[in-house]
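Residue numbers (our numbering): 4 to 343. Here a beta-carbon is modelled for each residue, glycine too, at the ideal position from N, C-alpha and C.
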Amino acid sequence: MTDNHEPTNGGFPLRRPRRLRTTPIMRDMVAETHVAPADLIYPLFIADGITACREISSMPGQYQHTIHTLKNIVEQSIDAGIRCIDLFGVPLDSDKDAYGSQAWSETGVLNAAIAELRQEFGNDILIMADTCLDEFTDHGHCGVLAEDRWGNTYVDNDKTLALYQKMAVSQAAAGAHIVSPSGMMDGQIAYIRQALDQAGYQDVAIMAYSAKYASAFYGPFREAVGSSLDGDRRAYQQDPANLKESLLEASLDIAEGADFVMVKPAMPYLDVIAAVAQRSLVPVAAYQVSGEYAMLHAAARNGWLNLDTVIMESLTSIKRAGANQILTYFALDAARMLRY
Ligand code: PBG
4 MTDNHEPTNG GFPLRRPRRL RTTPIMRDMV AETHVAPADL IYPLFIADGI
54 TACREISSMP GQYQHTIHTL KNIVEQSIDA GIRCIDLFGV PLDSDKDAYG
104 SQAWSETGVL NAAIAELRQE FGNDILIMAD TCLDEFTDHG HCGVLAEDRW
154 GNTYVDNDKT LALYQKMAVS QAAAGAHIVS PSGMMDGQIA YIRQALDQAG
204 YQDVAIMAYS AKYASAFYGP FREAVGSSLD GDRRAYQQDP ANLKESLLEA
254 SLDIAEGADF VMVKPAMPYL DVIAAVAQRS LVPVAAYQVS GEYAMLHAAA
304 RNGWLNLDTV IMESLTSIKR AGANQILTYF ALDAARMLRY
């Protein structure tokens with residue numbers, strides 16, 4: 004007890020949490036959450052019919068790649084310690100059709116790139132492919148359109164499943180280590196697992212976009228893939244109002260054979276990540292989406308936020324919520340910051 008009558012904790016000296024914050028080394032030792040390059044999955048875009056890579060204006064520093072620039076960025080990713088890339092295809096508009104048939108063609112832009120990357124990099128990095136039709140359909144929806152008896156258009160769940168099977172098998176054949184169904188059709192994991200196994204691809208893993216919300220934060224992605232969508236995806240993606248529904252979706256996907264489940268977007272849905280992570284017996288991934296990336300970049304460009312610091316803070320918060328893997332367009336920047 005000091006002369007100035009400092010309050011005590013029942014006679015014990017005052018507990019001072021700040022002692023553990025005194026130096027960078029001390030803070031690092033007691034940090035409850037660490038982000039590592041191996042946690043990060045880098046989403047990348049391969050585009051058909053371009054001769055030089057093209058920057059996506061709403062996603063500064065992210066590109067529609069040619070196969071040449073794609074190989075280059077994958078090599079840089081390996082050097083930075085990244086373990087997985089997630090590849091999206093951007094076909095020519097003239098190659099899109101009502102069913103998205105380029106999605107399962109061996110010579111389609113996505114499958115051709117998967118094959119080239121696997122050939123070049125073998126098992127030095129995991130190649131994950133986006134398993135969804137929206138980039139390949141002329142209407143931009145994630146599945147096959149049908150008309151009900153009142154003349155309203157809707158996405159036909161069950162007709163779409165057969166196309167997802169073809170797409171997943173073609174991606175596995177091209178050399179993908181992981182397929183990632185992102186179209187939110189009911190039953191897609193079971194159907195894809197069965198098709199992969201029947202085709203002899205038992206070792207190809209499935210990362211299920213289990214809790215994928217109908218989010219306005221996907222805005223810049225639509226530019227990135229040259230989406231043809233006119234309308235929205237609210238009839239198949241989840242309502243931002245719902246949490247329990249995500250637990251149902253994740254548990255169904257795990258029962259159907261998902262090797263990973265995913266929550267998407269990340270920052271506006273940290274509560275969902277936490278709830279799914281508490282219950283899941285498989286790894287839980289979170290997708291920090293295009294709008295989250297664009298938002299931080301835009302503020303940083305105005306001098307309103309420090310980009311490097313908010314990158315690390317946002318990734319740390321997503322991991323702290325319970326994500327094991329983070330899909331993020333900041334993957335390479337963050338991995339480099341973490342390494343050097
Ligand atoms: C659909 C798909 C989307 C994203 C990934 N896969 C767009 C959508 O559902 O509208 C969004 C990714 C992002 O915004 O970064 N296959």
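Residue i: first and last residue of the uninterrupted alpha helix (DSSP H) it sits in
i: A208; result: First-last for A208: A208 to K215, but that is the beta strand (DSSP E), not the alpha helix (DSSP H).
i: E316; result: L310 to A324
i: A202; result: First-last for A202: undefined, no H or E at that position.
i: E252; result: K247 to E259
i: I335; result: Checking the displayed sequence, the identity of residue 335 turns out to be Leu instead of Ile. Element bounds for L335: A334 to R342.
i: A106; result: Unbroken run through A106: none, as it is neither H nor E.
i: L273; result: L273 to R282
i: D31; result: P27 to V33
Three-state secondary structure assigned by DSSP to residue i
i: L3; result: A query on residue 3 cannot be resolved here, the shown segment of the chain reaching from 4 to 343 and no further.
i: A171; result: helix
i: M131; result: strand
i: H71; result: helix
i: P46; result: strand
i: E119; result: helix
i: L95; result: coil
i: E226; result: helix
i: P20; result: helix
i: M62; result: coil
i: Y290; result: strand
i: A85; result: Note that residue 85 corresponds to Ile in the displayed sequence, not to Ala. Here I85 sits in coil by DSSP.
i: M265; result: strand
i: A244; result: coil
i: N305; result: coil
i: R57; result: strand
i: L232; result: coil
i: A297; result: helix
i: N114; result: helix
i: F139; result: coil
Rounded distance between the beta-carbons of residue j and residue i, thought under 8 Å
i: Q291; j: I321; result: 6 Å
i: A211; j: A261; result: 4 Å
i: S317; j: P268; result: Going by Cβ atoms, the distance from S317 to P268 rounds to 11 Å, so no, they are not a contact pair.
i: S222; j: S283; result: Sequence check: residue 222 is Gly here, not Ser. Not confirmed; about 29 Å, so no contact.
i: Y216; j: Y167; result: The pair is not a contact, with the Cβ atoms about 20 Å apart (cut-off 8 Å).
i: M270; j: E295; result: 5 Å
i: A83; j: L335; result: 6 Å
beta-carbon residue i near ligand 1 non-hydrogen atom, thresh 6 Å
i: F15; result: no
i: D137; result: yes
i: S293; result: yes
i: Y221; result: yes
i: V185; result: Reading off the sequence, residue 185 comes out as Ser, not Val. Under cutoff, so the answer is yes.
i: F224; result: yes
N- and C-terminal bounds of the beta strand (DSSP E) containing residue i
i: V182; result: I181 to P184
i: D159; result: T156 to D159
i: I329; result: Q328 to T331
i: V147; result: V147 to E150
Q) Is the segment 124–138 touching the segment 177–196 in the sense that three or more CB pairs, one from each, lie closer than 8 Å? A) yes
Q. Are the segment 198–211 and the segment 228–248 touching by the rule of at least three beta carbon pairs closer than 8 Å?
A. no
Q. If you pair each beta-carbon of the segment 99–117 with each one of the segment 34–53, do three or more pairs fall below 8 Å?
A. yes
Q) Is it a yes or a no for the segment 141–157 touching the segment 87–107, going by three-plus beta-carbon pairs under 8 Å? A) yes
Q) Are the segment 26–35 and the segment 185–194 in contact at 8 Å, needing three or more beta carbon pairs? A) no
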